[in-house]
Structures are given as C-alpha cells and as structure tokens.
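Encoded as structure tokens, the structure appears first; notes follow it.
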Amino acid sequence: MQNLEPYWGRRALDFVDAIEASKTTACVISQFERMIGHFGFHAYIMAGIPTSGQSLEKLTIASGWPAEWFELYSRENLSAVDPIPRHCFNTLNPFEWRDAPYDREHDQPAHRVMTRARDFRFHEGFCIPIHYDDATGAISIAGERPDLDPEIKSALHLMSVFTYGRLRTLSRPNPVTTDRRLSATEAEVLRWAARGKTAWETSRILHISERNVRWHLEEAQRKMMTKNKTATVAMAIVNREILL
Amino acid sequence: MPEIHVVRKDNRHLYESYFDPYFRLRHNIYVKQRKWMALDRPDGREIDQFDTEDAVYLFCIDDGQLIGAMRAVPTLSPTLMSDIFPYLNIRGQIRRPDVYELSRIFVIPERRGEHAGPRVEMLLLTAIMEYGVSIGLTGFTIVLESWWLPRFQRYGWKAHPLGLPQTIDGMSVLAVLVDCDDATWMSLCQQIGLTEPTLTWRGLLAIDRLALPDISTLHPTSVQPAR
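From first to last, the protein sequence lines stand for chains A and B. Using this note's numbering, the first residue of the first sequence is number 125, and each one after it goes up by one. Using this note's numbering, the first residue of the second sequence is number 466, and each one after it goes up by one.
In structure tokens form, the structure reads like this:
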C-alpha cells in the first residue's frame with residue numbers, strides 16, 4: 125500500500141493538473157486516449173447507464189468504442205443485459221470486468237455480450253462506477269492485454285474520474301429534440317420543484333391542493349420515465365420542457 | 466428548516482447536552498453500520514484523538530434533535546491525514562493556518578435523501594464553506610471515499626487530489642484539498658435555493674468574521690442534470 129517512490133501517483137497528479145487546465149473537450153479527450161493507450165487500452169466509454177426508455181447515445185459523454193460496437197450495443201440494447209453496467213449498481217469501487225459477477229451457465233444474454241465484446245478485442249477491461257443521487261454512470265475501458273497492476277488501476281481510477289468531471293464541465297447540456305410532452309400544469313409544478321419548493325409550498329402558490337400537486341408530479345414522472353422528483357426536474361430541464 | 470450551529474471551544478458549554486448523543490451517533494454510524502472497528506469503544510461512543518479543544522463542529526439541529534454533523538480540525542495540529550493516512554498524500558503535508566481538515570461528515574439515516582426542503586448533506590457542505598469564508602480559510606483537506614468525487618464535482622466543490630486512491634478495509638479512499646472561496650459558497654447557495662447565510666453563531670459574537678458576499682438576489686440556477 126505504501127510506496128517509497130510513488131511514480132504513477134505523481135504521473136496521475138500531473139495528468140489531473142493538465143486536464144483541469146485544458147479548455148476544450150477535444151484536448152481533454154486526446155490526453156485521455158494517449159494515457160490509456162500507454163497502458164494497453166484501445167477502447168473506452170463514459171456514459172450514464174440507460175434505464176428503461178433512455179438511449180445510450182443521449183447519455184454518452186465520450187465514446188472511444190469502435191463505431192460498429194456502439195451501434196450494435198445501442199441497437200440491441202445490450203446495456204440491459206451486460207454484467208458490467210449491472211455491477212455498477214452494486215458497488216462503489218472500481219472493478220475489473222472479469223470480477224463483474226454473472227451466471228455463466230444460465231445467464232446466456234450476459235455471456236453473449238462478453239463473448240461478442242471479444243470480437244472487438246475487448247479481452248480485459250476496467251470499470252469505474254459513477255454514482256449520483258438520481259443516476260449511475262460509468263467509465264469503462266478495454267484492451268487486449270492491458271496493464272492491470274494495482275497501482276496502475278489506482279492511477280487510472282483517479283485520472284478517469286477527473287477526465288469525466290472535466291468533460292461534464294466543458295460540455296454544456298445539449299438541447300434534446302423531443303416533443304413537449306408535459307401539460308402546462310405539470311411544467312408549472314416542476315418549475316417550482318426546481319426552485320426547491322415542496323409539494324405543500326407549491327400548492328399554496330398555485331392555489332391547488334397538495335394532493336393535486338403530487339398527482340401532477342407523478343404524471344410528469346411517469347411521462348418522463350424517471351425515478352424521483354429530482355430526476356424528473358433534471359430531465360425536464362435537459363429536454364427544455366421547462367426553462368428556469 | 467434545520468439549523469446549522471457552529472460549536473467550538475468558546476461556546477461549547479452551550480451545547481454540552483448535544484455531545485453525548487453526538488458521540489453515540491458517530492458510534493452507530495461509523496462502528497455499527499460502517500464497521501470501522503478500529504474506532505470501537507466499549508462505552509458506545511466514538512471519540513478519537515482529533516476531538517480536541519481546537520476542533521470545530523457543525524451541528525445540524527432540527528427541532529432540538531441532532532440530525533447531522535461535521536468536524537473541522539486545524540491542519541497545524543495532527544489530523545487524520547497527517548497521522549493515520551500520510552501515504553494518501555504525496556504532494557507534501559499541508560500545515561497551514563488557513564486550511565482545516567474535515568472529517569466525520571454524516572447525516573442520520575432517516576434524514577438522508579430527503580426531497581422536502583434542501584437536503585441535509587447539501588446544507589452541511591454549504592455551511593462549512595460559509596464557515597470557512599467567514600473566518601478566512603482558503604481550503605479544506607479531506608480523506609474521503611473516492612465515490613464522493615463525482616458528487617463534489619457536480620456540487621461545484623473544487624477538489625484537488627493529493628495522491629492516488631487506495632483501498633482501505635475494502636473501500637477506495639483518497640486525500641483531497643478542496644478550495645474554500647466565495648464563488649463555491651455562492652454556487653452552493655444558488656443550487657439549494659438559499660438567499661441568506663445559514664450558520665448560527667450562538668455565543669460566538671466576539672469572533673472576528675469577514676463579510677460574506679450578498680446572496681439575497683441569487684436565483685436558483687438550473688440543476689446540472691445527470692448524464
């Protein structure tokens with residue numbers, strides 16, 4: 125655990141400094157690709173993990189997957205059966221792909237994803253889960269024979285998290301072109317929720333019952349296929365269904 | 466809304482009745498739930514060598530009940546990072562009057578992830594910035610579980626790593642230095658919809674405090690959506 129000469133530690137800290145000073149996503153990405161390439165990784169993805177109805181494409185922050193794999197993965201909705209994103213929901217720590225558990229005999233879909241990934245020279249991989257209150261994402265990197273020495277994994281962990289954070293900061297949320305689906309009242313209720321009002325407070329402001337407010341929130345949540353109020357508000361903002 | 470009280474040696478006598486429940490809560494959370502067995506004590510209280518008279522506590526009190534807390538220890542004194550986990554910091558020890566180390570940041574389980582009113586953990590993170598800005602601190606060191614990093618980034622806390630993450634008792638942990646400045650405090654206030662300072666300084670009127678920037682006209686910004 126203690127290293128006399130923390131070589132990769134220093135390299136990782138220098139990398140983070142460089143990333144934090146970079147002004148464009150292209151610049152951040154090229155440094156990241158060079159860095160993981162150095163350790164024998166040739167592919168990566170940084171994305172939110174899609175839950176029902178969400179598309180991987182919209183949740184992707186950066187993709188260094190072969191286009192063909194990305195296309196196949198999205199089209200067949202493989203994130204629903206892939207043991208790697210699934211394991212992200214069960215752990216706070218980074219893990220090697222081989223340590224993501226699945227039943228090799230009975231879980232055929234999971235096994236198929238892992239096998240098909242090998243066609244793209246994804247023989248081994250390393251995954252860093254990203255947990256927010258209302259969403260889970262991951263940084264996943266793969267290669268044929270990458271260097272997975274414990275100290276290098278630590279360095280990759282640190283560098284990847286800061287790359288992810290920097291890319292999020294640099295990329296403005298892109299307006300998603302979806303049809304407006306919310307009713308005027310639902311949008312109004314969400315706008316107040318976005319300003320931190322509780323259902324009770326909103327009911328006072330709009331002169332409707334608290335029960336009514338909750339019902340509109342539920343409806344909005346159902347339409348947007350989100351899990352809770354925070355996520356609904358976030359999604360409504362991203363989709364420009366409400367403006368603040 | 467819960468109140469956040471600054472508790473330090475100068476006004477500790479006003480909060481004596483909170484300390485016993487406070488140390489018991491720490492025992493429940495860190496020893497019983499999180500199994501940090503090195504902290505176990507037979508009396509059911511979790512008190513360590515950094516609970517000195519120089520420690521500053523933020524107590525989050527709602528209706529007379531302690532629902533969350535945070536501890537700040539001057540880096541001129543021994544800290545978790547300097548004494549227990551020195552190998553997490555390879556940038557060189559930080560011992561400065563304007564940097565405090567944060568630890569034992571918790572919210573009781575029944576008050577986590579609330580959707581009515583600001584979340585208690587966000588209130589605490591905002592309050593400690595207010596404290597730092599008020600007394601002229603420029604940063605906080607923290608030994609934290611690595612999974613907090615993306616959250617910090619999302620909240621606008623600027624964390625600078627001090628070394629590589631290491632696995633300790635099965636959990637990835639690292640050392641960071643977080644900037645303490647007006648901008649971070651204001652951005653947090655904006656995110657949770659605060660338009661006035663939140664700290665209660667009972668019995669601390671003699672302390673010199675710097676003026677805080679005006680936040681009365683801040684409007685809530687759009688929440689950064691998860692992607």
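Virtual Cβ for every residue (Gly too), placed ideally from N, Cα, C. Owing to the predicted nature of the structure, the values given are computational and were not obtained by experimental measurement.
Between residue i and chain B, is any beta-carbon pair separated by less than 8 Å?
| i | result |
| --- | --- |
| A:Leu306 | no |
| A:Ala209 | For clarity, residue 209 of chain A is Pro in the given sequence; the question names Ala instead. Not an interface residue. |
| A:Ile254 | yes |
| A:Tyr168 | no |
| A:Trp221 | no |
| A:Pro218 | yes |
| A:Ser284 | no |
| A:Tyr288 | yes |
| A:Val152 | no |
| A:Pro225 | no |
| A:Gly177 | no |
| A:Ala344 | no |
| A:Glu130 | For the record, residue 130 of chain A in the displayed sequence is Pro; it is not Glu. So, interface residue. |
| A:Asp294 | In the sequence on display, residue 294 of chain A carries Leu and not Asp. No, no contact with chain B. |
| A:Ala311 | no |
| A:Lys364 | Note on residue identity: the sequence assigns Arg, not Lys, to residue 364 of chain A. No, because no Cβ of chain B sits closer than 8 Å to the Cβ of A:Arg364. |
| A:Ala279 | yes |
| A:Ala234 | no |
| A:Arg240 | no |
| A:Arg134 | yes |
Can you find the residues in the same chain that come closer than 8 Å, C-beta to C-beta, to residue i, ignoring five residues on each side of it along the sequence?
| i | result |
| --- | --- |
| A:Arg292 | Ile185 |
| B:Asp563 | Gly601, Leu602, Thr603 and Gly604 |
| A:Ser333 | Ser327 |
| A:Ala145 | none |
| A:Val300 | Low local confidence applies: a pLDDT of 37 at A:Val300 is under 50, so the model's placement there is unreliable, and no value is given. |
Compare the C-beta of residue i against all C-beta atoms of chain A and say whether one is closer than 8 Å.
| i | result |
| --- | --- |
| B:Ile657 | yes |
| B:Ser681 | no |
| B:Pro662 | no |
| B:Ser482 | no |
| B:Pro467 | no |
| B:Pro574 | no |
| B:Arg619 | yes |
Can residue i be considered in contact with the ligand COA, in the sense that its beta carbon sits closer than 7 Å to one or more heavy atoms?
| i | result |
| --- | --- |
| A:Asp231 | Only the bare structure without any ligand can be found here, which leaves the ligand COA out of the picture. |
Short of 6 Å in beta carbon distance, which residues of its chain neighbour residue i, apart from the five on each side in sequence? Order them along the chain.
| i | result |
| --- | --- |
| A:Pro190 | Phe244 |
| A:Phe286 | Val140 and Ile143 |
| B:Phe515 | Val538 |
| B:Phe550 | Val608 |
| B:Ala691 | Bear in mind that a pLDDT of 43 at B:Ala691, under 50, signals an unreliable position, so the number given afterwards is only what the model happens to contain. If we look at B:Ala691 and ignore the five residues flanking it on each side, it has no Cβ neighbours. |
| A:Met359 | Met348 and Thr350 |
| A:Asn298 | Here the model assigns A:Asn298 a pLDDT of 40, short of 50, so the residue's position is not dependable, and the following value carries that caveat. So the list is empty, once near-sequence residues are dropped. |
Less than 8 Å separating the beta-carbons of residue i and residue j?
| i | j | result |
| --- | --- | --- |
| B:Thr660 | B:Leu588 | no |
| B:Glu511 | B:Phe488 | yes |
| B:Glu595 | B:Trp650 | yes |
| B:Ser542 | B:Asp513 | no |
| A:Gly261 | A:Ile160 | no |
| A:Gly289 | B:Pro615 | yes |
| B:Ala640 | B:Gly628 | yes |
| A:Glu220 | A:Glu248 | yes |
| B:Val585 | B:Cys525 | yes |
| A:Met238 | A:Pro209 | no |
| A:His235 | A:Pro225 | no |
| B:Ile593 | B:Leu642 | no |
| A:Leu216 | B:Trp612 | yes |
| A:Leu330 | A:Thr356 | no |
| B:Phe571 | B:Ile494 | yes |
| B:Pro630 | A:Ser278 | yes |
| B:Arg667 | B:His470 | yes |
| B:Ile555 | B:Thr540 | no |
| A:Phe165 | A:Ile265 | yes |
Who are the near neighbours of residue i in its chain, counting only those whose CB is closer than 7 Å to its CB and skipping five residues on each side?
| i | result |
| --- | --- |
| B:Ile573 | Leu490, Ile532 and Gly533 |
| A:Ile153 | Ala186 |
| A:Gly177 | Met349 |
| B:Asn476 | Arg667, Gly668 and Leu669 |
| A:Ala136 | Ala279, Leu282 and Met283 |
Q) Between the segment 594 to 617 of chain B and chain A, which residues of the former have a C-beta closer than 8 Å to a C-beta of the latter? A) Glu610, Ser611, Trp612, Leu614, Pro615 and Arg616
Q: Within the segment 528 to 556 of chain B, note down every full beta strand (DSSP E) run reaching 3 residues or more, in order along the chain.
A: 530 to 539
Q.
Under 7 Å, CB to CB, which of the residues in the segment 180 to 209 of chain A have a partner in chain B?
A. Leu183 and Ile185
Q: May I have a chain-ordered list of the alpha helix (DSSP H) segments no shorter than 4 residues that lie completely inside the segment 304 to 360 of chain A?
A: 308 to 318, 323 to 330 and 334 to 348
(Q) Against chain A, which members of the segment 541 to 555 of chain B pass a CB distance test of less than 7 Å? (A) Tyr552 and Ile555
Q. Name the residues in the segment 625 to 642 of chain B whose C-beta lies less than 9 Å from a C-beta of chain A; which are they?
A. His625, Pro626, Leu627, Gly628, Leu629, Pro630, Gln631, Thr632, Ile633, Gly635, Met636, Ser637 and Leu639
(Q) Short of 7 Å Cβ to Cβ, which residues in the segment 313 to 340 of chain A face chain B? (A) Ala318, Arg319, Gly320 and Thr322
Q: Using a Cβ-Cβ cut-off of less than 9 Å, list which residues of the segment 141 to 165 of chain A approach chain B; keep chain order.
A: Asp141 and Glu144
Q) At a Cβ cut of 8 Å, what residues of the segment 242 to 273 of chain A count as close to chain B, listed as they run along the chain? A) Pro253, Ile254, His255, Tyr256, Asp257, Asp258, Ala259 and Gly261
Q | Contained alpha helix (DSSP H) runs [length at least 4] in the segment 605 to 670 of chain B, N- to C-terminal order | A | 613 to 620 and 647 to 657
**Q.** Start-end ranges of the beta strand (DSSP E) lying completely within the segment 125 to 205 of chain A, minimum 3 residues
**A.** 167 to 172 and 184 to 187
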